[in-house]
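Chains as they are written, first to last, in our numbering: chain V, 38 to 259; chain D, 38 to 259.
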DNA sequence: TTTTTCCTTACGCCATTTGTAAGTGTTTCT
DNA sequence: AGAAACACTTACAAATGGCGTAAGGAAAAA
């Protein structure tokens, strides 16, 4: 069953949530120490985070923002305040859903289930700024379009994305493609880059890869 | 700006929604003819669908289900009924958010903006029950794994998904692969199905395709 | 201009995909 | 049980696409 992490400072409310979720069959973890919450959640690596807004110290909004910039799973914001402003703010920071407490038990479970389903099995796509890349198959997504890169093109683009916006040396790329830096025709890498750029052009992603003369390549953006 | 399609039968409500969204800068289209709604939406290809539940003829739930099996963008369900059951049902069918009307203007816009941001640039993957399928490249996702199907395997799986859980006749599949039903070696289709099943086994998706003797094939689930 | 670095295009080899063929297994009907 | 219809599997050859190699052109630096 899915793992859910609860971030809620009110002990009573926390226990009740734990109870509800456990009875629903979830593997529940609750944050007890309200310092370094983001790090704790990262370690727990839950499938979903149930996040209260009014917390001692760090605001729930901050946590939400931090988690989302790391590409975590779904976040369900839970707060006692019934202010519309909170909802707007929460959603604005990238929360995936929002509920006011006290909340209906069935509604809570339904929303959790829905969020989990929406994220379940969803590919761990890597955000490349103006596109997404599947690191397994090298399927490249932009808008409603998608194409599959060949193995070499995919490997190159993936490392460029992972190092964005830093420069990746030609030496590193040769190592990536052929396991070694030496005894490789200098031109082989060039050709592969030309091919990659040509493929990117199909999705209107021209001028994404920048050449740094004498040093290597880098991806624009960020 | 993003394109939004409104599906709402009450003219007053519809005009108000159109007004709100247009003033917010969206490119708005509204369904006027309430027949073949799904086909109309598919043609419009909006970035988001605002979907009322109580409609003349086809239920909003049906439309939601159909759209989701085609890999459309986000769907925001809008209904006057304040029944929890509706919400549960709507979310269960894969709607991405839910609001009861009359709804606050700012809240509506915030939810729309949030949905659009969450889906922006994200691939329109089709939910196949226990997997996801990219209809363009035929990249198949299950959990953290993914593989790219060959053209024939992809076409077959895609139509099976789109018709799930109904039976797809062999004749229809032959038409799909070769454009015609006649003069095709009966065996050719079999071979392609064997290959597809073998590929699916790589992702532990055995026994997904069921053979209905004398009629065709169908995908399990739903 | 000369030199260095990078880009582009074309060619041939190799792997993957696909239709064809042939044989085996399974269900249904008499 | 036997036969016929239907479905599945494996193997092989042609077509397709990816890849390294080669050679020449373009652009930047000296």
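Think of the CB as a built atom: it goes at the ideal place given N, C-alpha and C, for glycine as much as any other residue.
Model, not experiment: these values are computed from the prediction.
- Message: Beta-carbon within less than 7 Å of residue 133 of chain D's beta-carbon, same chain only, minus the 5 sequence neighbours each way: which residues are those?
- Response: 111, 112, 113, 152
- Message: Along the chain, where does the beta strand (DSSP E) containing residue 134 of chain D start, and where does it finish?
- Response: 134-137
- Query: Buried or exposed: which applies to residue 231 of chain D, given that a residue is buried once 16 or more other Cβ atoms fall within 10 Å of its Cβ?
  - Reply: exposed
- Task: Classify residue 204 of chain D as helix, strand or coil using the three-state DSSP reduction.
- Result: coil
- Item | Alpha-carbon spacing of residue 166 of chain V relative to residue 150 of chain V, whole angstroms | Residue 166 of chain V and residue 150 of chain V: Cα-Cα distance of roughly 30 Å.
- Segment limits, alpha helix (DSSP H) that includes residue 70 of chain D: Note, residue 70 of chain D: premise wrong, no alpha helix (DSSP H); not H, not E.
- Excluding the 5 residues preceding and the 5 following residue 216 of chain V in the sequence, name in chain order all residues of the same chain whose CB lies nearer than 6 Å to its CB. none
- Item | Cβ-Cβ separation, residue 255 of chain V to residue 203 of chain V (assumed contact under 8 Å), whole Å | With 8 Å as the limit, residue 203 of chain V and residue 255 of chain V qualify as a contact, their Cβ atoms being about 6 Å apart.
- Message: Tell me the rounded alpha-carbon separation between residue 226 of chain D and residue 184 of chain V.
- Response: A direct Cα-to-Cα measurement between residue 226 of chain D and residue 184 of chain V gives close to 26 Å.
- Item | For residue 40 of chain V and residue 63 of chain V, the rounded distance between their alpha carbons | 6 Å
- When the Cα atoms are used, what is the spatial distance from residue 163 of chain D to residue 242 of chain D? 16 Å
- Query: Could you give the distance in angstroms between the alpha-carbon of residue 46 of chain D and the alpha-carbon of residue 106 of chain D?
  - Reply: 23 Å
- Candidates V:116, V:84, V:81, V:82, of which the one nearest residue 96 of chain V by Cα: If we check each option's Cα against that of residue 96 of chain V, V:116 comes out closest.
- Message: Give me the residue from D:235, D:236, D:233, D:205 with the minimum Cα distance to residue 249 of chain D.
- Response: D:205
- Message: Please state the DSSP three-state secondary structure of residue 169 of chain V.
- Response: strand
- Query: So is residue 185 of chain V in contact with chain D if we call contact Cβ pairs under 8 Å?
  - Reply: yes
- In chain order, what residues of the region 188-202 of chain D put their CB closer than 8 Å to some CB of chain V? none
- Runs of beta strand (DSSP E) wholly within the region 41-116 of chain V (minimum 3 residues, chain order): 64-67, 85-89, 112-116
- Task: Determine, using beta carbons only, whether residue 146 of chain D and residue 136 of chain D come nearer to each other than 8 Å.
- Result: Not in contact: residue 146 of chain D and residue 136 of chain D (Cβ atoms no closer than 8 Å).
- Message: If we define contact as Cβ-Cβ less than 8 Å, is residue 206 of chain D a contact residue for chain V?
- Response: By this cut-off, residue 206 of chain D is not an interface position.
- Query: Roughly how many angstroms lie between the CA atoms of residue 85 of chain D and residue 42 of chain D, to the nearest whole one?
  - Reply: 6 Å
- Proximal residues of chain V, C-beta to C-beta of residue 161 of chain D below 8 Å: 181
- Message: Just verifying my parser: in three-state terms, what is the DSSP assignment at residue 255 of chain V?
- Response: strand
- Which residues DSSP lists as bridging residue 179 of chain D, in chain order: DSSP lists D:182 as the bridge partner or partners of residue 179 of chain D.
- Query: Given that a residue counts as buried once 16 or more other Cβ atoms are within 10 Å of its Cβ, and exposed if not, what is residue 49 of chain D?
  - Reply: exposed
- Message: Does any residue of chain V have a CB that is nearer than 8 Å to the CB of residue 169 of chain D?
- Response: yes
- Message: Between the alpha carbons of residue 253 of chain D and residue 229 of chain D, how many angstroms are there, rounded?
- Response: 14 Å
- Message: Taking 8 Å as the threshold (C-beta atoms), are residue 201 of chain D and residue 260 of chain D in contact?
- Response: Lying outside 38 to 259, the shown extent of chain D, residue 260 of chain D is not represented and no answer is given.
- Which value, in whole angstroms, describes the spacing of the CA atoms of residue 218 of chain D and residue 197 of chain D? 17 Å
- Task: Please classify residue 239 of chain V: is it buried, with 16 or more other beta-carbons within 10 angstroms of its beta-carbon, or exposed?
- Result: exposed
- Task: Would you mind giving the Cβ-Cβ distance between residue 67 of chain V and residue 55 of chain V, rounded to the nearest angstrom? I have them listed as a contact below 8 Å.
- Result: 6 Å
- Task: Determine the closest residue to residue 159 of chain V out of D:176, D:199, D:234, with distance taken between C-alpha atoms.
- Result: D:176
- Query: Going along the chain, which residues of its own chain have a beta-carbon closer than 6 Å to the beta-carbon of residue 171 of chain V, five neighbours each way excluded?
  - Reply: 160, 162
- Message: I want to check one thing, is the minimum distance from the CB of residue 211 of chain D to the heavy atoms of the ligand ATP below 7 Å?
- Response: The ligand content of the structure shown is nil, which means the ligand ATP is not present either.
- Task: Under the assumption that residue 189 of chain D contacts residue 214 of chain D (Cβ atoms under 8 Å), give the Cβ distance between them as a whole number of angstroms.
- Result: 6 Å
- Is residue 247 of chain D helix, strand or coil by DSSP? strand
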